[in-house]
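Okay, so the sequence shown: first residue is 661 according to our numbering, each after it adds one.
Glycine included, C-beta positions come from ideal geometry on N, C-alpha and C.
Bear in mind the structure is a predicted one, so any value in this text is a computation, not a measurement.
The structure appears right after this line, and notes come after that.
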Amino acid sequence: MTSGDKAAWTAPVFLGRRWFFPSALIHELDPDAARSGRRPRRTARDWVVDFTCFLLAVGVGLLGADTVTANPAAPHSLAALDQLIGALSWGAVWLRRRWPLGLAAVMVPVSFVSETSGGVAVIALFSLAVHRPFRYVAWVGGAHAVLVPLYFWWRPDPELPYLASIVLLTVLLVAVVGWGMFVRSKRQLMLSLRDRARRAETEARLRAEHAQRGAREAIAREMHDVLAHRLTLLSVHAGALEFRPDAPREEIVRAAGVIRESAHEALQDLREIIGVLRTGESEDAGRPQPTLAALDTLVVESRQAGMKVILDQRVPGSAAVPASVGRTAYRIVQEALTNARKHAPGTEVAVSVAGGPGEGLTVSVRNPPPQGDVPPVPGAGQGLIGLTERATLAGGTLEHGRAPDGGFEVRARLPWG
């Protein structure tokens, strides 16, 4: 996966009409903007809402100013101070998005002494409920609720009873807080859905990378088995030329041809392994993997290398064997022949493959003990472990070990149908 592909996974684009959404919500939905630390710019919706709130604050403030002016008990200087504080509060409405907590906290004492700023206090409380957690709303709202009885005791409403004024304003404050919390919950829901979508995309990308890595490793294992087989053939023929310098010319030419062909095939397999591990090519990009139908070709190739191989294949329609099962059986026989060629050279190897749909596929490779001492052959010793893992992944079992006559046997049972 290239860097461009990863960017496509991790750089979500805000889809929709930006002017229709609050700038704070768009800012939260855009990870790049959130990391930059810059304040979100107002959208067209923000301007409309802020201007409406400003007009609402001015309207409510003018009504309050008329009430103060019409009150004969209030001196003219007090009415003028009330209106001045209210006018300053109207301008503070434009700061409600930047400092919601500060504005709401300041408006608690201001609205208590200035009736003209009452609308601003309600708008600030609503903004606080939208932009901050409930604990801040509880403190500011609670302060308002405590001051409501004192406010109407200090400035009674001439048209409403004292108790009715308290109930009406308290209901208004509760409604404003509830409305603000409802708006905040909707925004939080959108953010949670965004986070879930991002997590789903990340998990999908990780699963894709894991599957790709698994496919690459599987291809590399397949090619490793083929490469080990080619190199073993090359080693056998090179050893024959070394220990039989007086062999007939035809046999030397044939062995040299096999060495050349095996070296060419081994080099090609090695290039494919390196290419797969570097670029992560898919399995379809490589050469076709052999199945059970290619078992005869494998036996012929081993016989040309000088091995004595007896093949007993009792599988009706080997081409109908499932590809994964046939490929696993082929690799088991290939690795077993390679081991027999290395550890028991010159012996006769018996290969048996039998089974059918519904009863499974049985693979057996058996060789007698070698004649005389066999020089140690360097190797990783992981071939049989890999075969066991391969058979297990295919849903079958594999057993290997010494036979009663001192030979060695590999026996596997694979599911079919």
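Legend entry - DSSP-derived helix/strand/coil call for G1020: strand
Inset, instruction - My understanding is that V1025 touches V993, with C-beta atoms under 8 angstroms, so please give their C-beta distance in whole angstroms. - result: 6 angstroms
Legend entry - Exposed unless 16 or more other CB atoms sit within 10 angstroms - verdict on G917: exposed
Inset, instruction - Return the CA-CA distance between H870 and T862, expressed in angstroms with no decimal places. - result: 12 angstroms
Legend entry - Residue range of the unbroken beta strand (DSSP E) whose run includes L1047: Looking at the DSSP string, L1047 is not in any beta strand (DSSP E); the run it does join, the alpha helix (DSSP H), is 1043-1053.
Inset, instruction - For the beta strand (DSSP E) containing Q973, list its first residue and its last residue. - result: Boundaries of the beta strand (DSSP E) harbouring Q973: 968-974, taken from the DSSP string.
Inset, instruction - Could you pull out every residue in the same chain whose Cβ sits closer than 7 angstroms to the Cβ of R756, ignoring the five residues on either side in sequence? - result: Once the five neighbours on either side are set aside, the close Cβ partners of R756 are L763, I783, A784, S787.
Inset, instruction - Would you mind stating whether A1014 and V975 have Cβ atoms separated by less than 8 angstroms? - result: A1014 is a Cβ neighbour of V975, given a cutoff of 8 angstroms.
Inset, instruction - Would you mind sorting A868 into buried or exposed? The rule is 16 or more other CB atoms within 10 Å of its CB. - result: exposed
Legend entry - the stretch 773-783 touching the stretch 747-756, judged by at least three CB pairs closer than 8 angstroms: Yes, the stretch 773-783 touches the stretch 747-756.
Legend entry - Bridge-paired residues (DSSP) for T1057: R1073
Inset, instruction - Given a cut-off of 8 angstroms, decide if R991 and R1050 are closer than it, judged by their beta-carbon atoms. - result: yes
Legend entry - Helix, strand or coil at R758 according to DSSP, with G and I counted as helix: coil
Legend entry - Bridge partner(s) assigned by DSSP for N1027: F1068
Inset, instruction - Any chance you could list the alpha helix (DSSP H) runs of at least 4 consecutive residues sitting entirely within the stretch 787-873, in chain order? - result: 794-814
Inset, instruction - Within its chain, find whatever has a CB closer than 8 angstroms to the CB of T1057; leave out the 5 residues flanking it on each side and keep chain order. - result: A1051, A1072, R1073
Inset, instruction - Using the Cα positions of H1003 and R865, report the straight-line distance between them to the nearest angstrom. - result: 46 angstroms
Inset, instruction - Please name the residue in V837, G838, L807, V768 whose C-alpha comes closest to that of S825. - result: The option with the nearest alpha carbon to S825 is L807.
Inset, instruction - Find out if the Cβ-Cβ distance for the pair L952, A989 is shorter than 8 angstroms. - result: Cβ distance < 8 angstroms, so L952 and A989 count as in contact.
Legend entry - Top-ranked residue by Cα proximity to A983, from A725, W814, A1054, V913: If you compare the alpha carbons of A725, W814, A1054, V913 with that of A983, the shortest gap goes to A1054.
Legend entry - Cβ neighbour criterion (16 or more within 10 Å) applied to W1076: buried
Legend entry - Proximity winner among V985, E995, V766, H791, relative to R758 (alpha-carbon distances): H791
Legend entry - N-terminal and C-terminal residue of the alpha helix (DSSP H) that D956 is part of: For D956, the uninterrupted alpha helix (DSSP H) segment begins and ends at 955-964.
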